[in-house]
Structures are given as C-alpha cells and as structure tokens.
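J.: In the working numbering, the protein residues as written are 410 to 1325. Quick one: structure below, then a few questions.
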Amino acid sequence: MAQERTAEKVFGGHLGAVTMGMFAPDGKTVVTTSIDQTARLWRIDSESELRRYTQHTGPVLCLAVSGNGTVLATGAQDNTVRIWDLPLGKPLRVFAGDQQQVNAIAISPLGDAIVSASADRGVGVFSLTETGKPFITRKKTGDAVELQSIAYRNDGAIYASGDIEGRIVLWSPFLDAPQGEWLSHDGAVSDMGFMSNNQQLISAGDDGAVRTWQSAPTLSRAFDMGDKPVIDWSVFGSRDRSVCLADDGLMFVLNLSNGEIEREFTKLDFTPRSITLAPNNSWICVADDSGRTHLLNIDGSPRAVIEAHRGAVRDVAVHPDSNRFATCGDDGYVRIWGQPIADANSHEPTHAFLIDPDARVPATSIVFTADQKELICGASDGKIHQWNLANGERVRTIYAHVGSDAQIIVEVAVTPNSQTLLSLGRDQTLRSFKLSDGSALKVMHHPTAVRSLSVSPDSSRVAVACDDGIVRLWDLDSGTLLQAIPTHAAAVVNVTFAADGQSIVSASSDHSLQVTKPSIIRAMQVHDSAIRSMAIYGGGSGVVTCDRQHVVMTNTSNGTEIRSYRVMNNDSATADANAKTDVTYREIEPSAVDVRSDNQRVAVGTESGEVYVWNANNGESPILSLQVDFAVTAITYSPDNRQLAVATGDNRVHVFGPSVPGTQPQIELVPHQEFKLDAVATDLAFAADSQSVYVSLSNGQVQQWYYAGIAQRRQMNHGGPVYGVAVSHDGTLAVSCSSDRTIRVWDTTTGQQKSQMNGHNSAVHAIAISSDETFAVSSGADGTIRLWDIVGGRQLKQLNKFDDTMYSVAIHPGGQWVATAGADREIHLLDMITGQELQTLKGHTDYIHCVAFNADGDRLLSYGYAGQLKLWDPSEGKLLHELQFGNVGNDAQFSPDGKQILLSNGDGTASIIQSP
C-alpha cells in the first residue's frame, strides 16, 4: 500500500487564496501573493514568515523578484504597482497611473525597470533607477483587449505581452511604439516563452497550433506619402521599385527600400482605375472606368489608347514575354491584344472570350500563368475560368466562391511555380486550387474585407491586404495563418513581396507606405483542437503537445511531425488466441505530457488515470503503462531522469522510479512514493537536485515534498497523533512523543526505531534533546517532567510533577536547567540533575504553549494562548520585555543568532519580530 505522507513544506498563513508564488534567487525563501491583499516572504527550511507587505487595498495578483534578490514588485486589483525592499520589507515606491487591474509583472534582467500588463491593455513601464521618472503607459492605439501576461527576454532588450485574443506584442524598453505585433493564434495563447538562446519565442494556442517566432522586433519602415495616396501599383521585376498610381491621376516611381519617389510623370488627364507594368519594364498599361486602356512608355509618354470594353476595365495583365496583354471588363469579355504600336489609336484583339454567353457577368481579375500556357480570369459570379493560350479553348471552370453571400472575385493569382491557383473573394476568403486539374486545396478565412494579394517568389507564402489595416501572411501548403501584421491605421489597399523575398511592402488609404519583415519562423497546425499541455525539449529543437486525442512530437526547426501517439486502451477481456473475436479499444483523453531531458522518453498522463511512456525515437506502442486511478493533472520528469512525478485528481502526487535504486530506468518504473495533498495539484516541478518535488495546489498553496527514492523511504509510526519531535544536529537521530504515551528514538537514515521508552501515564506533549544529544526531557498531560537516556533507551528519572498539563519543555544550552510551562500559566525552572524547582516565573493570564532558550542561554521566551510573548532573564528570573499580540500563540523560537523571534499563531499566520 502506498505510504501516505504530509507535505514537507506548507506555507499556509494567507487569509485567502494564493494567487502567485515565486522562489527568491537565494533559493532559501519564497514570496507569495494573495487575495488577502498581502504579499509575504517565507523561509523555506522553517516554513516561517519573514516579512509581510501590506499596503495594497485589493487582491494582489502578481509578483516579480529582481535577479539580485533585493527588489520585489507586486501588482494588484487596486490598479497599483508597488516596489519593495525585499529583505527589509520596506516600501520603496508606488505607481498608480491610469492603468486598471494589474494582471502580470516582470523585472528586467538588468534590474533597472519594471513592466506590467493590465486589464486595460496598457503596458506599464516603471524606472527603478530614475526616481523622478513618471509612470509610462504603452498602449496599442485602438485596442481594448485585456493583457494577461508579460515576459522579458533574457538579455533585457525585448519584452513581450500577450492578450486574451491571441495577440503577442513585442516592445523595446527605449521606444513607446510596439516593435512587433503578431496575431499569433485564432483564440487565446495558452502558453508561450522565450527560448534560452534569446533568438526565438514559441507559443501554443487554443487553435491547436504551435508557432515559433523570431524574438527580435518585426523589422518595419514606414513612409508618409503625403498628398500622394496610392490606389494601385505594379512592381518591377527586380521587386525593388514600383510604378504607382495616386487617386488624382499622378503617376510616380517609388523606391520600395527607402520610400523615396525617384520620378514623377505628367499627371493623367483621366480618372485611372488600375496600373500594370510590362515584365520587361518598358511600357505601362493604365485602365479607366470608361472602357479604355491607356498604353504609356516607361517615361510616361503616351503610346496608344485602346477602346477595350463597354463599361469599366476591371483589370489588365501583361504576358510574361511583354509582347501581349489582356484586359477584362464589366461587359463580361476577356480580350487579348498584341504588342501595341506607337501612336496607333486603333487596335484589334487577337482573342476575345465571353465569360457567360447567357448572362452579362463582369470579369473582375485576370492573370497569365508563369509558364505562359494559360490565362486565368475571375468573375463576379464567383467562378474562375481557365483558357488555353495555344488554341483559345476554355480548359475548365472552377466554382470557387459560388454559393457564398458575397461571391465576387476580387483578385486571382498563380504561384511562380505554376502549381497553385489562388482566388481572393468578397466573401473574405482566400482559396487555393491545383492548377493542373482545378481541385480545391485550402480555404483561408479573414475577419474583414480583403483588397489584394501577393505570392512570395518561392511560392510558399501569400500576403493578403485587409481592410482592418492588417497584412495577413499565410502558408500555402498548410493553409495556416503564419502572422497577422498590423501595418496601417486604415485599410491596406496593395501588398507585394520585396526584393529579398521575405519583406512585405504595403500601401494604405491612410497615405502611408510600410516595409515589414515578418517575425514568424514557422506555424505548425499540430492539432485540430485546443492544446492542453506543451513541453519544450532539446533546447527548443522540438516540442511535444497534446490535445484531447493525440500526443504529437514536432520538430520546431522545420515544422515537421516527428511522430504522433494516439492513446488507446483494450477494454475487452483476454481472448483465446484462436478465437476470431474483434478486440475493441477505448480511446483515452491525454491531459498532460513531458519529455525526459535526454529526449529518450515521452510520458503522457490521461483523464482516466493511466500513464503511458513511449520511446521518443519511434512511434510504436507504449513501452510502459502505469495506473494511478484518477485523472492526471500534471506530469514531470526529474532533472536526473530517474523519477517521474504524476499529480492526480484525488489530491495525490505519485513518484515512480527504477526498481534498482540509484540506477537509470530503462523500461521498468515502479512506485516509489505517494504524497497525500490537501487539494488537487495543478503543476509539478522537481528541485534541481531531484530530491524534492514542488507542487502548486488548487487551494492556493505551494508545497515542497522531500523525495529520497525507493531505497530511502521512511515510515516512522506512533500509535496515535505525534505532538513533538526533536532532531539531532547531524539529522541522523530523531526523538518523538505522542498521544500513545511513548517516547520513541529513530534512526533517520534507515527509518528504523531504535528504542521505545514508556513512563508517562497520558499523552506526551513536548520533547527536547540536550546539546550533547545524550539526554532528552519530556512533558505531558500527566503533569510530569521526565529525563531519558537516549543512547540506552531508558527513563532515568521523573524530575518533577505538577498539577496541570505541561505543554512545553526546553533544555538550557549549558545543560544545567530545564524550563517547562503549561496549563497552570507559570514557567518552572528546574535543575536538570535533581529536578528541584529553582524559580517560578509568573505573569501569563492563560495557558502557555511554548518556552525556548536562545543559543547563549541568557534569554528565555514564553508564548501563550492569550497572545502574550514574554522575554525573561533566566538566571535572575526577571521579566525583561512583554509584547501582546491579537492571536493565539502556538509556538515561538529564537533565530540561531538570537536577534529575531519566529512566531506561529493560531489564525494560520506566522511572523518574525526583532528580539527586544
């Protein structure tokens, strides 16, 4: 049967739920925050409260500790951020700007600034070095989405904030404007973190996707076009320049790398609609609403005017050889024209295609394929038409957007490799088709209207200009949104990939031009539903995730799936080998995952209480299964890879390890220990030495459990509740007392009982060991004080007997006195050898629960039920100081140097005071 234990470390003094806990850098203290409006500093080894920070007027929701352990920052529901001297508990500064509730907070690695995330989407920035510097709020204009998290990169050069709509924003400590914004997930970001190399950020979301990002800011340059708003452009083949068309008929050549206008042409004397540049950069086509196409030389001088259509000309496309061009219009025709002759005003098409002979359907967009074999046309009825240029025959008609509420096709495009056909529609979708047979591939949805698109030179990505001022970048193979790039304050009207094939150039109705280099590295649509658990391994080279059906290992460097596990369980009884009976399997929901640090094992916990371990190097069946009976809430490997800790919904933590202690487990894992908790564990982490487990609980506590392995498990039992225990200086010997009337001596290295000493007639309440660790003194409910030989395991004598229960006993460091106190409200000083009462110290008005000597033996304290703490000179029996507290006093001890006193109180609090 599993051993039931109590927590090694429990910090339970808060009067309400604990909202956050964090280890201080010294590893010896823990800081916690609570809805009781306080933050508290705890000493780990003694579980005592060292400091209490009490100036917030609302629940304290978050905290951060500086790297050197000197500064504590707290954020609360009272809309303030407070800065404290962590060791002294002294308040340093308070920031109460215009922010709302503070949800998260972080201190820069350099210790010079603090950033906070608040409910009003503001990022608060506070200087720790410039005392006169005001509180600064950094906020994305127009946003009103609550910020939930904030994190600094390890080098302090960048920090990131995340919100409930799935957006991650990068900020620089030196600039007010965001340095990068990623609409990272279609839904909340469930987890994110910077990798140790500072180069990448990895995020997981409720949309089932895992994304990796460059952690440097999105590189962006913005240019104000002033009175030259771009309504259309056509990019040179080199992609470093474009010929642009303004809404007032002005044409100019724009350098896309620096935003400079290199040449302006004579202003057009008609209202233009679109502009197209020949691939050889020698001539230009400009279409208008009256059905004409204007042909211009590259210097802007007129070449020809063609009466192309009845009604507006919707689009113009120039053949890759620059010797032909095509037009389409509201009259439903697509016409192909030969290379225009200078000064020729009459020109006849070489081909004319009618979209629909039975109805006048406007043709809205046309494009030649890069292989020069076909002409593609999109129409207002949602259909795409393909024509063979060699024979003029229609190849096929694709019903791309037919049936949608807004089926008009905005733009069609073909990838440079002539493999994929793209269609952008008024229904706010981008659709992809296989060019060779017209079969549908992917549908990519947008939240707002779309204007134009551009395909990357390598045919892998497509950028879409949207009315909400965002350029959305898609992966064509998977149909996954790579990045939503907020580029403009108004609608994006044009977009193109720049010369480097990575940067995106966009123009907006806000009269601005922007050049942006996306930060997205890779988007991996790992799951079809929300990701429940994520573990990064191999220094960030891989990630393992699980949803409710699958566990998937993914290579983050190329986005490929390494392997996938589907957790199934055979529910049928064992069948005869020759029986022709189908074996049924029950599908199990994974709930938590972790990867061993050597990347050799993947552990998966399930909702139904199973734990499965796979060989991470193959996708075969699990090599090991363990049963824990209740739903797994968290799972983790120890740093030395020898233990696996599993938290379950029945408030337990199970630790498994190798059957041979101290060895590295290969296949077998056996139960080592089981810890009974006070609430459900929400997360687990082994300490760096793999000897203890930290557990966060649903009741707000953080607990530390000591784990010693199967060979060192200890079970030291009394026949009733244990009231006291004293441990030798080297930790190898323990003496305990209990309601079972016995004193027991234990070898802590083996857990074996060395002796049991009897003598008390009722419960034994206290035990103390002499400084030479040869004697022990006990006090009990029978009023007796007894002296024991620890080494011989026998009672030496009864030192004295009183009429009331004695709750506490202490031995003077010099070994000559024993102090005891209890229900008679008096402290009795006895001679340790004879038992003679030397002094009686009076003054308490209620039961005394504790007496203790300081290390020098010149001070004695007593702490009682009425909250009275008294400090005595034991040699003279003189009362030196008296303090009154409002709580029931349970226990009190001097610090090793005698300068402080640690108090434990009946209301669940612990505190430290300076020794008077």
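Note that beta-carbon positions come from the ideal geometry of N, C-alpha and C, so glycine has one too.
Could you check whether PRO1325 and LEU1288 sit closer than 7 Å to each other, using their CB atoms as the reference points?
T.: no
J.: Hey, how far is the Cα of PRO468 from the Cα of PHE1294?
T.: 25 Å
J.: Specify the secondary structure class of ASN1209 as computed by DSSP and reduced to three states.
T.: strand
J.: So, is LEU1238 buried or exposed, given that buried needs 16 or more other C-beta atoms within 10 angstroms?
T.: LEU1238 counts as buried, since no fewer than 16 other beta carbons sit within 10 angstroms of its beta carbon.
J.: For ILE444, which residues in the same chain have their Cβ closer than 6 Å to its Cβ, ignoring the five residues on either side in sequence?
T.: GLY425, ALA426, PRO468
J.: Closest to GLY1276 by CA distance: which of THR489, ASN964, ASN1263, GLY1252 is it?
T.: Closest by alpha carbon: GLY1252.
J.: Quick one: what's GLN958 bridged to in DSSP?
T.: GLN958 is not bridged to any residue.
J.: Could you check the C-alpha separation between LEU844 and HIS728 for me, to the nearest Å?
T.: Spanning the two alpha carbons is a distance of roughly 18 Å.
J.: Is ASN797 helix, strand or coil by DSSP?
T.: Residue state for ASN797 is assigned as strand, using DSSP reduced to three classes.
J.: Among ASP1265, MET431, VAL1186, TYR1274, which residue has its Cα nearest to the Cα of ASP1242?
T.: One detail in the question is off: residue 1242 reads as Ile in this sequence, not Asp. If we check each option's Cα against that of ILE1242, VAL1186 comes out closest.
J.: Count the other C-beta atoms from every protein chain shown that fall within 10 angstroms of the C-beta of ASP846, then say buried if there are 16 or more, exposed otherwise.
T.: exposed
J.: Measuring alpha carbon to alpha carbon, tell me which residue in GLY1298, GLY1223, GLN1248 is nearest PHE1262.
T.: Checking every option, the nearest Cα to that of PHE1262 belongs to GLY1223.
J.: Could you say if the stretch 1160 to 1175 and the stretch 1199 to 1213 meet the contact criterion of at least three C-beta pairs nearer than 8 Å?
T.: yes
J.: Kindly indicate which residue of VAL1020, ASN664, GLY801 has the alpha-carbon position closest to the one of THR1045.
T.: THR1045 has its Cα closest to that of VAL1020, out of VAL1020, ASN664, GLY801.
J.: On the CB-based measure, 16 or more other CB atoms within 10 Å of its CB, does LEU867 come out buried or exposed?
T.: For clarity, residue 867 is Asp in the given sequence; the question names Leu instead. Per the 10 Å Cβ criterion, exposed.
J.: With DSSP run on the structure shown, which of helix, strand or coil describes THR963?
T.: strand
J.: Whole angstroms are fine: how far does the CA of SER938 sit from the CA of THR993?
T.: Bear in mind that a pLDDT of 34 at THR993, under 50, signals an unreliable position, so the model cannot answer this.
J.: In the DSSP output, which residue or residues are listed as bridge partners for ASN903?
T.: ALA916
J.: Determine which residues share a DSSP beta bridge with LEU1053 and list them.
T.: TYR1046, PHE1065
J.: Give the range of the beta strand (DSSP E) segment to which VAL1227 is assigned.
T.: Boundaries of the beta strand (DSSP E) harbouring VAL1227: 1226 to 1231, taken from the DSSP string.
J.: With a floor of 3 residues, list each beta strand (DSSP E) that falls wholly inside the stretch 1120 to 1154, ordered by position along the chain.
T.: 1131 to 1136, 1142 to 1147
J.: Answer yes or no: do GLY791 and ALA809 have a C-beta to C-beta separation smaller than 7 Å?
T.: yes
J.: Would you call SER527 buried or exposed, if buried means 16 or more other Cβ atoms sit within 10 Å of its Cβ?
T.: buried
J.: Give the straight-line distance between the Cα atoms of ALA566 and LYS926, rounded to the nearest whole angstrom.
T.: 19 Å
J.: So, at 6 Å on beta carbons, what are the nonlocal neighbours of GLN1121 in its own chain, with the 5 sequence-adjacent residues on each side left out?
T.: With a pLDDT of 35 at GLN1121, under the threshold of 50, the modelled position of that residue is not reliable, and no figure is offered here.
J.: Under 8 Å by Cβ, that's how I've got GLY1014 and ALA1025 pegged, so tell me the actual separation to the nearest angstrom.
T.: GLY1014 to ALA1025, Cβ: 16 Å. No contact.
J.: Using 7 Å as the threshold, is the C-beta distance between VAL935 and VAL961 below it?
T.: yes
J.: Using the C-alpha atoms, what's the distance from SER1137 back to SER1145?
T.: 12 Å
J.: Measuring CB to CB, does GLY709 end up less than 7 Å from THR675?
T.: yes
J.: Going by beta carbon distance, what residues of the same chain come within less than 6 Å of CYS471, once the five residues before and after it are set aside?
T.: MET429, GLY484, ALA513, ILE514
J.: Could you pull the start and end residues of the beta strand (DSSP E) that GLY484 belongs to?
T.: 480 to 485
J.: May I ask you to list the residues that DSSP assigns as paired with ASP724?
T.: CYS737
J.: Comparing alpha-carbon positions, which option in GLY498, ASN477, ARG491 lies nearest LEU450?
T.: GLY498
J.: What three-state label does DSSP hand HIS1169 in the structure shown?
T.: coil
J.: Classify LEU839 as helix, strand or coil using the three-state DSSP reduction.
T.: Here LEU839 sits in strand by DSSP.
J.: Let's test the definition: count the other Cβ atoms within 10 Å of the Cβ of ASN1209 and tell me whether it reaches 16, buried, or not, exposed.
T.: Here ASN1209 is buried: its Cβ has 16 or more other Cβ atoms, across all protein chains shown, within 10 Å.
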